[in-house]
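Under our numbering, the sequence shown has 6 at position 6, and the numbering climbs by one with no breaks.
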Amino acid sequence: MILIVLNVAIDFYGLFWRDGKSGISIYSDERTSKYLLAHRYVPNNFNVYLLGPSLSANINTKEFAAERIYNLSMMGANITEQYAVLAKALESKTPSKVIICLHPYLTADHGMKTGMINKKEYWGAVGSISLYKAYALGLVRKFNVLPDKYPQNQFNDFGYNNYNDLLRSTDVKARIESELQKPDAINANINLQALKEFDIMITDLKSRGVQIIGYFHPLPYPIFKTFESDLIKYQVTIREHLGADVVLLDFNNSEYQFFTKDFSNYIDHGHLSEKGQKFILTEIISKAGI
Numbered sequence: 001m002i003l004i005v006l007n008v009a010i011d012f013y014g015l016f017w018r019d020g021k022s023g024i025s026i027y028s029d030e031r032t033s034k035y036l037l038a039h040r041y042v043p044n045n046f047n048v049y050l051l052g053p054s055l056s057a058n059i060n061t062k063e064f065a066a067e068r069i070y071n072l073s074m075m076g077a078n079i080t081e082q083y084a085v086l087a088k089a090l091e092s093k094t095p096s097k098v099i100i101c102l103h104p105y106l107t108a109d110h111g112m113k114t115g116m117i118n119k120k121e122y123w124g125a126v127g128s129i130s131l132y133k134a135y136a137l138g139l140v141r142k143f144n145v146l147p148d149k150y151p152q153n154q155f156n157d158f159g160y161n162n163y164n165d166l167l168r169s170t171d172v173k174a175r176i177e178s179e180l181q182k183p184d185a186i187n188a189n190i191n192l193q194a195l196k197e198f199d200i201m202i203t204d205l206k207s208r209g210v211q212i213i214g215y216f217h218p219l220p221y222p223i224f225k226t227f228e229s230d231l232i233k234y235q236v237t238i239r240e241h242l243g244a245d246v247v248l249l250d251f252n253n254s255e256y257q258f259f260t261k262d263f264s265n266y267i268d269h270g271h272l273s274e275k276g277q278k279f280i281l282t283e284i285i286s287k288a289g290i
């Protein structure tokens with residue numbers, strides 16, 4: 001009982017009394033943390049959400065703090081997991097806008113990949129192995145004990161996951177060329193159940209009057225050109241399911257070739273560098289009028 005009272009008093013995820021005005025960061029499991037933060041902290045402190053897999057998880061929305069954009073993207077997330085976290089935030093308050101990073105990965109499969117996003121995690125926040133792990137990693141990160149595995153500032157209170165140093169390739173061009181040797185480097189197939197769940201999410205957002213802003217993630221030019229036929233088919237399907245009332249940006253078209261041909265915008269075969277992600281977010285904010 002004493003531990004429960006203590007854990008509620010700490011309120012690590014802002015579930016009980018913390019208003020989060022001073023910010024609540026992430027220290028442990030990204031899926032669990034963002035699911036729990038979506039209960040109160042995210043809807044009460046942010047007006048715009050960014051959704052997507054790892055390709056958008058390292059976009060630092062705090063650099064545009066005035067726009068109050070929370071990055072709900074998660075490493076390795078598919079549509080099932082992403083919508084579950086979004087739906088939890090929608091239970092409390094409706095955001096004005098939602099930005100969606102569109103890449104085949106998001107709809108390549110469906111179903112929960114882990115047990116980290118479920119109701120039991122809420123009660124675990126008053127006392128569980130998961131909570132104590134988060135406490136421990138919070139201290140590890142604070143005192144920079146294992147910087148190679150748990151970097152001190154990997155996450156921030158806007159949901160940013162700065163995994164760049166963990167994934168960065170020393171030679172991005174060589175990494176891209178290596179990826180091009182794989183015939184299945186890009187799987188542009190859309191899982192039918194995943195597409196249904198995507199439709200449910202879009203319908204839910206539209207029914208609440210949320211402005212949806214979608215963007216096709218900028219792939220390095222050689223990769224996009226190699227798999228262009230399949231990727232265009234993917235884009236056509238996604239465009240149809242989004243509808244004409246959605247703001248849609250295509251960062252793989254000819255207008256943005258200056259970006260996709262500049263490998264300094266990437267840390268590997270697809271994830272953006274600090275320079276790249278800042279340009280993309282600036283462009284989204286400008287074109288969508290955020």
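Where a beta carbon is used, it is the ideal one built from N, C-alpha and C, also for glycine.
With 16 other Cβ atoms within 10 Å as the buried cut-off, status of residue i
| i | result |
| --- | --- |
| T170 | exposed |
| M1 | exposed |
| I24 | buried |
| N71 | buried |
| F258 | exposed |
| P218 | buried |
| K287 | exposed |
| V5 | exposed |
| T114 | exposed |
| N252 | buried |
| I280 | buried |
| L231 | buried |
| L248 | buried |
| M112 | exposed |
| I202 | buried |
| G289 | exposed |
| D29 | buried |
| F158 | buried |
Neighbour flag for residue i against chain B, beta carbons, 8 Å
| i | result |
| --- | --- |
| F155 | The displayed structure is made up of one protein chain only, and chain B is not part of it. |
Range covered by the beta strand (DSSP E) that runs through residue i
| i | result |
| --- | --- |
| N71 | I69 to N71 |
| I285 | Where I285 is concerned, there is no enclosing beta strand (DSSP E), although the alpha helix (DSSP H) it sits in stretches over E274 to A288. |
Which of helix, strand or coil DSSP assigns to residue i
| i | result |
| --- | --- |
| V210 | coil |
| Y83 | helix |
| I186 | coil |
| F251 | coil |
| V172 | helix |
| K62 | helix |
| L219 | coil |
| V126 | coil |
| Y105 | helix |
| Y50 | The identity of residue 50 in the sequence shown is Leu, whereas the question assumes Tyr. Note: L50 maps to strand in three-state DSSP. |
| Y132 | helix |
| Y35 | helix |
| Y266 | strand |
| V246 | coil |
| K196 | helix |
Terminal residues of the alpha helix (DSSP H) in which residue i lies
| i | result |
| --- | --- |
| K233 | E228 to L242 |
| Y160 | Segment: none, Y160 is in no alpha helix (DSSP H) and carries neither H nor E. |
| K113 | Careful: K113 lies outside any alpha helix (DSSP H) and carries neither H nor E. |
| V42 | Y41 to N45 |
| K97 | Where K97 is concerned, there is no enclosing alpha helix (DSSP H), although the beta strand (DSSP E) it sits in stretches over K97 to L102. |
| V5 | I2 to I10 |
| Q257 | Q257 to T260 |
Beta-carbon spacing of residue i, residue j below 8 Å
| i | j | result |
| --- | --- | --- |
| L180 | T237 | no |
| Q36 | A125 | Going by the sequence as given, residue 36 is Leu instead of Gln. In contact: L36 and A125 (Cβ atoms closer than 8 Å). |
| I69 | T107 | no |
| K93 | N44 | yes |
| P147 | Y234 | no |
| P95 | V210 | yes |
| Y135 | N58 | no |
| I117 | R31 | yes |
| I99 | V48 | yes |
| I267 | R168 | yes |
Nearest to residue i (by Cα), restricted to the options the options
| i | options | result |
| --- | --- | --- |
| P220 | I69, R208 and G276 | G276 |
| H241 | D250, E63, K261 and F198 | F198 |
| K182 | D157, L6 and P222 | P222 |
| P151 | D11, Y27, A288 and E274 | Y27 |
| R239 | F259, I212 and N265 | I212 |
| T282 | V8, Y215 and I200 | Y215 |
| S54 | S207, N7, Q82 and T260 | Q82 |
| S178 | V98, Y135, N189 and H269 | H269 |
| I284 | Y266, K97, S73 and L90 | K97 |
Near the ligand MN: residue i beta-carbon under 7 Å from a heavy atom
| i | result |
| --- | --- |
| F155 | The ligand MN is not part of this structure, which contains no ligands at all. |
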